[in-house]
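Have a look at the structure below before the remarks.
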Amino acid sequence: MSKNALKNPESTQFGTRPVSPDEKTALVRDVFDSVADQYDVMNDVMSGGVHRLWKNHLIRRIRPKAGLHYLDVAGGTGDIAFRIKDYIGKRNKQRPPAKTLSNGHDGSITLCDLNWDMLRVGRNRAIDQGKLNDYDWVTGNAETLPLEDNSVDVYTIAFGLRNVTHIDDALKEAYRVLKPGGRFYCLEFSHVENPAFAALYDKFSFNIIPKMGEFIAKDRKSYQYLVESIRKFPTQENLKERLENAGFIKTSYKNLTFGIAAIHFGLKI
Numbered sequence: 002m003s004k005n006a007l008k009n010p011e012s013t014q015f016g017t018r019p020v021s022p023d024e025k026t027a028l029v030r031d032v033f034d035s036v037a038d039q040y041d042v043m044n045d046v047m048s049g050g051v052h053r054l055w056k057n058h059l060i061r062r063i064r065p066k067a068g069l070h071y072l073d074v075a076g077g078t079g080d081i082a083f084r085i086k087d088y089i090g091k092r093n094k095q096r097p098p099a100k101t102l103s104n105g106h107d108g109s110i111t112l113c114d115l116n117w118d119m120l121r122v123g124r125n126r127a128i129d130q131g132k133l134n135d136y137d138w139v140t141g142n143a144e145t146l147p148l149e150d151n152s153v154d155v156y157t158i159a160f161g162l163r164n165v166t167h168i169d170d171a172l173k174e175a176y177r178v179l180k181p182g183g184r185f186y187c188l189e190f191s192h193v194e195n196p197a198f199a200a201l202y203d204k205f206s207f208n209i210i211p212k213m214g215e216f217i218a219k220d221r222k223s224y225q226y227l228v229e230s231i232r233k234f235p236t237q238e239n240l241k242e243r244l245e246n247a248g249f250i251k252t253s254y255k256n257l258t259f260g261i262a263a264i265h266f267g268l269k270i
């Protein structure tokens, strides 16, 4: 096994299937090309609709404010970026900001996604809201972000990190693009810590979710992969350690709904 594979053990796993890193990237792209138009439905199926509450909790932890550059990676459909903008808008009504940035009154928000189809869904949603030009839309890989060093104040990635081929490389990239004092937030499906509840959750995940994917989206295989990818994702403690290895300090995580999901945090010095 290569040194990079040892550093990024998930790079040779597409769910439970062994693959090369290049194959994994292509296969993940195919999955999200397939589910792009049903993405919200997919997350509802995977979380029982609770993902909306988790995302709102993430935004409250970030406490977005005007005048900062926000980067949402794997955020093509806009769920996190739209919430950031809405939060800033509400905050501005209560207390007008001291400064603004050039591409909008609420700060600079960049959405970056590997899949153009996911960005297309997000852009269409923004058009429907009359807010297309309030965001920068970038096609790019989390492992090689098309952004300058020290250019981002807040980096977010929600339900995307487990699909990245080289997770450790993506964490290093997050550190690179963040400014000193910049904050990293990852919201992701994680590992239930209570054994009894974990057993029930496993039965639901493997027996029900793929069938629901087949019934709702006519796409059992994609949902099967998504369930398997959660089990292959690092544990809460392991991801915290890997954030520290990437250079972050004050790392922490908060479990949501018994550990079905977790928010990880890191600070760049």
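Residue numbers (the numbering used here): 2 to 270.
Glycine residues also receive a C-beta, built at the ideal position from the N, C-alpha and C atoms.
Here the structure is a predicted model, which means the values were calculated and not measured.
Through-space distance from Leu133 to Ser12, alpha-carbon basis: Start at 1 with the first residue of the sequence shown, and residue 12 comes out as number 11. Start at 1 with the first residue of the sequence shown, and residue 133 comes out as number 132. Roughly 34 angstroms separates the two Cα atoms.
The region 199–217 touching the region 163–180, judged by at least three CB pairs closer than 8 angstroms: With contact defined as three or more Cβ pairs closer than 8 angstroms, the region 199–217 and the region 163–180 are not in contact.
Cβ pair count under 8 angstroms reaching 3, the region 237–253 against the region 172–189: Short answer: they touch.
Whole-angstrom C-beta distance between Tyr202 and Leu179, which should lie under 8 angstroms: By one-based count along the sequence shown, residue 179 stands at place 178. By one-based count along the sequence shown, residue 202 stands at place 201. Actually they are not in contact, since the Cβ atoms of Leu179 and Tyr202 sit about 33 angstroms apart, beyond 8 angstroms.
Ser253, buried or exposed, once every other Cβ within 10 Å from all chains shown has been counted against 16: Locating residue 253 in the sequence shown gives position 252, counting from the first residue. Exposed.
Beta-carbon gap between Leu115 and Trp138 smaller than 8 angstroms: For this step, residue 115 is matched to residue 114 along the sequence shown. For this step, residue 138 is matched to residue 137 along the sequence shown. In this structure, Trp138 does not lie closer than 8 angstroms to Leu115 by Cβ.
Between the CA atoms of Asn151 and Trp55 - distance to the nearest angstrom: On the sequence shown, residue 55 is found 54 positions in, with the first residue counted as 1. On the sequence shown, residue 151 is found 150 positions in, with the first residue counted as 1. Straight-line Cα distance between these residues: approximately 28 angstroms.
Where Pro181 sits in the DSSP three-state scheme: Indexing the sequence shown from 1 puts residue 181 at position 180. Here Pro181 sits in strand by DSSP.
Residues of its chain near Asn44, where Cβ-Cβ distance is below 6 angstroms and the 5 sequence neighbours each way are ignored: Here residue 44 refers to the residue found at position 43 when the sequence shown is read from its first residue. Closer than 6 angstroms at the Cβ level, and outside the excluded window around Asn44, lie His52.
C-beta contact flag for Lys154 and Tyr88 at 8 angstroms: Here residue 154 refers to the residue found at position 153 when the sequence shown is read from its first residue. Here residue 88 refers to the residue found at position 87 when the sequence shown is read from its first residue. Before going on, a small fix: residue 154 reads as Asp here, not Lys. It is not a contact, given that the beta carbons lie outside the stated cut-off.
Cβ separation of Ala82 and Tyr136, assumed to be a contact under 8 angstroms, to the nearest whole Å: As a position in the sequence shown, residue 82 is number 81, starting the count at 1. As a position in the sequence shown, residue 136 is number 135, starting the count at 1. With a beta-carbon spacing of about 6 angstroms, Ala82 and Tyr136 fall inside the 8 angstroms limit used to define contacts.
Identified DSSP bridge partners for Tyr176: For this step, residue 176 is matched to residue 175 along the sequence shown. According to DSSP, which records beta bridges pairwise, Tyr176 is partnered with nothing at all.
Residues sharing a beta bridge with Gly267, DSSP: The count along the sequence shown starts at 1 and reaches residue 267 at position 266. Under DSSP, Gly267 shares a beta bridge with Phe185.
Terminal residues of the beta strand (DSSP E) in which Tyr254 lies: Reading the sequence shown from its first residue, position 253 is the one you call residue 254. For Tyr254, the uninterrupted beta strand (DSSP E) segment begins and ends at 250–257.
Integer Cβ distance of Ser223 from Val36, believed to fall under 8 angstroms: Along the sequence shown, one-based indexing puts residue 223 at 222. Along the sequence shown, one-based indexing puts residue 36 at 35. Right, the Cβ-Cβ distance comes to about 5 angstroms (below 8 angstroms), so this counts as a contact.
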